[in-house]
Amino acid sequence: MTSAHTLVGTALATAVLLAMAVAVTPYGPFAAGATPPAAAVTIEEFAFVPGDLTIAPGTTVAWVNKDEAPHTIITDDKTVRSGALDTGDAFSHQFTTPGTYSYHCSLHPQMTGHIIVQ
Amino acid sequence: MSEPLANRRSVLRCMAWAGTGVLWTVAGGVPRSFAFSDRAGQIAAKDSGLTFVQISDSHIGFSKEANPDVAATLSLAIERINALDPQPAFILHTGDVTHLSKPSEFSTAADILKTLRAPVHVIPGEHDVIGDDDGSEFSARFPAAGRRGNGWYSFDAGGVHFTGLVNVLDFKAGGLGHLGDAQLEWLEDDLRGLSASTPIVVFAHMPLWNVYEPWGWGTDDSAQALAYLQRFGSVTVLNGHIHQVQQQVEGNTRFFTAMSTAYPQPAPGAAPTPGPLTVQPSRLREVIGLRDVQIEGRTGRLAVTDEPLARPA
């Protein structure tokens, strides 16, 4: 799982998400030089929405926490991890390698999700 | 033994957050209870054994509607503890000292906890080990004699064996709290030399019984720990995590979860999520608080009292 990820503070989160929403082309290949595809997962009511997200390789996924409680993103193999996301915080990660990435919240492990890269 | 019925009502009142203190006495595994206001009388009337206080879930760093000033309510709890006469031998903090494991939160928490007159023993909650996979950063912040493995430890006081367990590391997806094989092996070894008549107090952050699995309120491998504790005549398990008083009895083992010093959480299944429960600001102090525990020197009986920071008007 090679790629970059970033933790985005509260103030930037909305702007980043908006920018990504404009750029979303999650299923198609993207041309060299074009804006990389992006997709978003919302954390709300102690759940990842959508719980399962299918994306094309190279897509950057941004999670935004809309709960009053803090949450985290950690893949079950621990290779991708966000640190604490307080209300309004966002975390993004680019998935380059096809596969199914299972993840959960390290504070509330009953919260689970999958990123399917294909 | 004439009090139990009246005081069972007191327990129910407390669990309904009406703010009534309850004093539990465990005599050879048989619980008795008294009104909290009898505490002074209890101590005066009997040989005063060890007393200690449990606080939990101070969540320093939290600032949302449910409690915009968690430092103030922790300080108030400490004020109450510092006013106890006689002073407790020590305080157990059963985790979630901080909200997000930030260095600034740890510093603030440590500064506030330093105002306690009695020493404090701390065990981490999951909010204290974000990004701290082996608990080593937490253990460095709250050193304790004899910490082993990922921060578990035990000590003896007043003829009672105290065991602090760490069940907030290495959560599995979809899972509950977790002790792990290394800690379980240590626990078995830790208890081995003790006589079955030694009262045992186990303290940990997450409940060691299954309070409510859909919200992760339990510990997946606690059955093994409880098996090691089974031979003892009196086992008391003190937890935090769920920000409310709940209790359970299994054989000679009594389980208690404690109030938070910060904010309450809903009763199991009473809300869509276990997120912070916002009450009227004027009622907050009725649903957060501390726990006072007495151990009679003569009998080893444990009396557990949950005391909110304020009584209802």
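Protein chains in written order, with the numbering used here: chain W, 148 to 265; chain P, 44 to 356.
Using N, Cα and C, we set each Cβ at its ideal position, and we do this for glycine too.
Query                                                                                                          : Result
Distance between Ala216(P) and Gly290(W) (C-alpha atoms, nearest Å)                                            : No statement about residue 290(W) is possible, as the shown extent of chain W runs from 148 to 265 and does not include it.
Interface flag, Leu143(P) vs chain W, CB-CB below 8 Å                                                          : yes
Ala83(P), DSSP secondary structure in three states                                                             : Bear in mind that the predicted position of Ala83(P) carries a pLDDT of just 48, short of 50, making it too unreliable to give a figure here.
Euclidean distance between Cα positions of Phe149(P) and Gln265(W)                                             : 42 Å
Collapsed DSSP secondary structure at Trp252(P) in the structure displayed                                     : coil
Rounded distance between the beta-carbons of Ser303(P) and Ser99(P), thought under 8 Å                         : 6 Å
Environment of Val163(P) [buried if 16+ CB atoms lie within 10 Å]                                              : buried
Min CB distance His255(W) to chain P below 8 Å                                                                 : yes
Residue-level contact to chain W via CB, Ala70(P), 8 Å cutoff                                                  : Only weak support is given to the placement of Ala70(P): the predicted model assigns it a pLDDT of 39, under 50, and the question is left unresolved by the model.
Identified DSSP bridge partners for Gln290(P)                                                                  : Phe299(P)
Against chain W: residues of the stretch 253-272 of chain P by CB proximity under 9 Å                          : Glu256, Pro257, Trp258, Gly259
Assumed close pair Asp171(P), Asp213(P) - CB separation to whole angstroms, cut-off 8 Å                        : Actually they are not in contact, since the Cβ atoms of Asp171(P) and Asp213(P) sit about 14 Å apart, beyond 8 Å.
Distance between Leu159(P) and Pro184(W) (C-alpha atoms, nearest Å)                                            : 54 Å
Beta-carbon proximity check, Ile166(P) vs Gly220(P), cutoff 8 Å                                                : no
CA-to-CA distance, Leu234(P) to Gln273(P), given in whole angstroms                                            : 11 Å
Three-pair Cβ contact test at 8 Å for the stretch 292-306 of chain P versus the stretch 103-116 of chain P     : yes
Proximal chain P residues relative to His240(W), where beta-carbon distance stays under 9 Å                    : Under the 9 Å cutoff, chain P gives no residues; its nearest Cβ is about 16 Å from His240(W).
Whole-Å CB distance - His240(W) paired with Val208(W), under 8 Å assumed                                       : 6 Å
Amino acids of chain P, ordered along the chain, whose beta-carbon sits closer than 8 Å to that of Ser230(W)   : Reading the sequence as shown, one finds Gly at residue 230(W) and not Ser. In chain order: Ile173, Gly174.
For Pro351(P), three-class secondary structure by DSSP                                                         : strand
Alpha carbon of Phe205(P) to alpha carbon of Phe246(P), nearest angstrom                                       : 7 Å
Through-space distance from Thr206(W) to Gly259(P), alpha-carbon basis                                         : 32 Å
Of the residues Tyr248(W), Asn212(W), Thr182(W), the one placed nearest Phe195(W), counting alpha carbons only : Asn212(W)
Burial state of Thr219(W), where buried means 16 or more other Cβ atoms lie within 10 Å                        : buried
Span separating the alpha-carbon of Asp349(P) from that of Asp335(P)                                           : 6 Å
Environment of Gly189(P) [buried if 16+ CB atoms lie within 10 Å]                                              : exposed
Residue interval of the beta strand (DSSP E) (run including Arg334(P))                                         : 332-338
Expected contact under 8 Å - CB spacing of Arg328(P) and Ala353(P) to nearest Å                                : 4 Å
Cβ of Phe193(W) within 8 Å of any chain P Cβ                                                                   : yes
Rounded Cβ spacing between Ser240(P) and Gly276(P) (contact assumed at less than 8 Å)                          : 6 Å
Residue-level contact to chain P via CB, Pro217(W), 8 Å cutoff                                                 : yes
Spatial distance of Tyr174(W) from Lys145(P) (CA atoms)                                                        : For Tyr174(W), the pLDDT reaches just 49, beneath the cut-off of 50, and the residue's location in the model is therefore unreliable, although a value from the coordinates is still provided. Taking the straight line from one Cα to the other gives about 38 Å.
Per-residue burial, Glu169(P) [other beta carbons within 10 Å of its own, 16 or more giving buried]            : buried
Within 8 Å, strictly: CB atoms of Phe185(P) and Pro131(P)                                                      : no
8 Å Cβ cutoff met for Ala109(P) and Thr296(P)                                                                  : no
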